[in-house]
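In the numbering used here, the protein residues as written are 119 to 221.
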C-alpha cells in the first residue's frame, strides 16, 4: 500500500483491509490489520516528529536529516536487513540514487 498523504509506506500481504474514514480533501483511508503487515518504512527529516506507524511496524525514521530536493537519498544498509527500526535499517547517501538497485 502506498500512502501519498503521509510519510510512510507499508507492505501488507493483502489478505485483509477495509475502508476507513474519508479526509476533508476526499482521500479514502484504509485500515490494515497489523497481523497482515509484512514491513513498513516511515521517513522524516525531523527525528522528533510524532510517529504515525506503531513501533511494531517501524520504531524509527528513514532519511533523518534529508530535506526535500536536497540531492540526497536513503537506502537500506543491506538487502533484507530489517530490525523494524528504519533509523537503524537505512543510511543517508550524499547523492541521489533514482532507480538504483544493490548488485
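In this text, a Cβ means the ideal position worked out from N, Cα and C, and glycines have one as well.
In this text, all values refer to a predicted model and were calculated from it rather than measured experimentally.
Query	Result
Let's see if you can read the secondary structure: which residues bound the beta strand (DSSP E) around residue 205?	Note, residue 205: premise wrong, no beta strand (DSSP E); alpha helix (DSSP H) at 204 to 207.
Please determine, among 166, 203 and 210, the residue with the shortest C-alpha to C-alpha distance to residue 174.	203
With a threshold of 7 Å (Cβ to nearest heavy atom), would residue 170 be considered close to the ligand GTP?	With respect to the ligand GTP, the structure offers nothing, as it holds no ligand at all.
What's the C-alpha gap between residue 216 and residue 160?	19 Å
Cα separation between residue 199 and residue 176?	13 Å
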